[in-house]
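Student: Would you mind keeping the following structure in view while I ask a few things?
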Amino acid sequence: MEELKLKPIGVVHSPFKEPVGVPKDSSDGMDYKGTVEIFSEYKNGLKDLDGFSHILVLFYFHKSEYSHLIVKPYLDNHLRGVFATRSPHRPNFIGLSVVELLKIDDGILHIRGIDMIEGTPVLDIKPYIPEFDSNEGIRIGWLQGKI
283 MEELKLKPIG VVHSPFKEPV GVPKDSSDGM DYKGTVEIFS EYKNGLKDLD GFSHILVLFY
343 FHKSEYSHLI VKPYLDNHLR GVFATRSPHR PNFIGLSVVE LLKIDDGILH IRGIDMIEGT
403 PVLDIKPYIP EFDSNEGIRI GWLQGKI
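Numbering-wise (our numbering), the sequence shown opens with residue 283 and increments by one.
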């Protein structure tokens with residue numbers, strides 16, 4: 283299969299300058315605010331997004347320097363497959379966060395619940411829609427009883 287090329291649509295501006303100290307997920311970062319600056323050529327794609335309270339932000343872990351298929355997650359002492367974790371050290375360094383959308387101001391998305399660092403490249407944004415993005419009867423594997 284041929285390699286894929288992705289082009290960022292924007293960049294994150296965050297109170298976190300380095301990976302150390304960043305909340306482990308967006309629910310841990312609910313007290314932290316930041317912005318997503320959408321590049322001018324993509325601003326028209328924001329039409330009607332302001333009607334949604336939450337968005338999905340797909341981003342690139344640009345500070346990750348290595349990937350492992352087996353990792354030790356922060357909520358566990360056992361080694362797990364990377365695809366069974368939320369580790370940033372993944373083969374393609376792609377991350378996903380659900381954040382609260384506070385407002386949009388001329389291509390700047392003001393968000394709460396940030397768990398990304400300054401300068402993080404944004405690959406895509408989608409509205410969070412509970413009826414589509416949440417399911418009943420979910421199993422959480424090895425995380426059962428830990429969260």
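Ideal placement from N, C-alpha and C gives every residue a C-beta, glycine not left out.
1) Starting from F341, trace the alpha helix (DSSP H) both ways and give me its first and last residue.
2) Compare the Cα-Cα distances from P305 to each of K385, P370, L425 and M283 and report the closest residue.
3) Return helix, strand or coil for G333, following the three-state DSSP convention.
4) Touching or not, the stretch 406-418 and the stretch 351-359, by the rule of three or more beta carbon pairs under 8 Å?
5) State yes or no: is the C-beta of V380 within less than 8 Å of the C-beta of I393?
6) Leaving out five residues on either side along the sequence, give the residues of the same chain with a beta carbon under 7 Å from the beta carbon of T317.
7) Enumerate, from N- to C-terminal direction, the unbroken alpha helix (DSSP H) stretches of 4 or more residues contained entirely within the stretch 338-378.
Tutor: Answer, in terms of the structure:
1) Per DSSP, F341 belongs to no alpha helix (DSSP H); it is in the beta strand (DSSP E), H336 to Y342.
2) Ranked by how close their Cα comes to the Cα of P305, the residues K385, P370, L425 and M283 have P370 in first place.
3) helix
4) No: the two stretches stay apart, fewer than three of their Cβ pairs being nearer than 8 Å.
5) Cβ distance not < 8 Å, so V380 and I393 don't count as in contact.
6) H295, I390, L391, H392 and I393
7) none
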